[in-house]
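Single-structure report; data block below.
Numbering (my numbering), first residue to last: 1 to 175.
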């Protein structure tokens, strides 16, 4: 059983829907869970204008996103969990590349140059994905693009966050 969930947009996620999703995971015990992108929202580092007093901070999104991931891991402790980057998830990466490119990729000091360095300001580090045993699927060659991060579920079926966005509830999904 493979479960696909997407577009939680933490901290704006529907709390009741999340609880129902966790119940589903506990009951059905999926083998794999794919988080399809936009786990966190990060409106304050978006190219869009924010409404004062309404837009959640990056930290609020990170904290809420971590709790979502932790809840999912606890509800499905044996499942393989993979997370695709969505256009909202890459907002921090894009902001760093645009405004603070020398900080992009900076991580804690390592003893051995062959050790893998995890960027301090990355989804992996901020959401503690390694600790939760959640694999982040990204395209490191693309840097600021999310549309190339994908997972082949089986021949002929690939999970991808998506390239098409239209106005109106549910219309992007239809496309």
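Glycine residues also receive a C-beta, built at the ideal position from the N, C-alpha and C atoms.
Computed from a prediction, not measured in an experiment: that's the story for all the values here.
Delimiting residues of the beta strand (DSSP E) encompassing residue i
| i | result |
| --- | --- |
| residue 96 | Residue 96 -> not in any beta strand (DSSP E); alpha helix (DSSP H) instead, spanning 91–99. |
Where residue i falls: helix, strand or coil (DSSP)
| i | result |
| --- | --- |
| residue 156 | coil |
| residue 118 | coil |
Residue i versus residue j - alpha carbon distance
| i | j | result |
| --- | --- | --- |
| residue 53 | residue 115 | 42 Å |
| residue 9 | residue 88 | 8 Å |
| residue 4 | residue 34 | 5 Å |
| residue 117 | residue 43 | 27 Å |
| residue 61 | residue 90 | 13 Å |
| residue 56 | residue 66 | 15 Å |
| residue 144 | residue 51 | Confidence is the limiting factor: at residue 144 the pLDDT is only 49, short of 50, which leaves the residue's position unreliable, though a coordinate-based value still follows. In a straight line, the C-alpha of residue 144 is about 25 Å away from that of residue 51. |
| residue 26 | residue 167 | 35 Å |
| residue 80 | residue 47 | 34 Å |
| residue 102 | residue 28 | 45 Å |
| residue 96 | residue 123 | 13 Å |
C-beta contact flag for residue i and residue j at 9 Å
| i | j | result |
| --- | --- | --- |
| residue 105 | residue 36 | no |
| residue 132 | residue 73 | yes |
Spatial neighbours of residue i in its chain, beta-carbon cut-off 7 Å, leaving aside the 5 residues before and after
| i | result |
| --- | --- |
| residue 92 | 42, 45, 58, 121 |
Continuous alpha helix (DSSP H) stretch holding residue i: start and end
| i | result |
| --- | --- |
| residue 15 | 15–28 |
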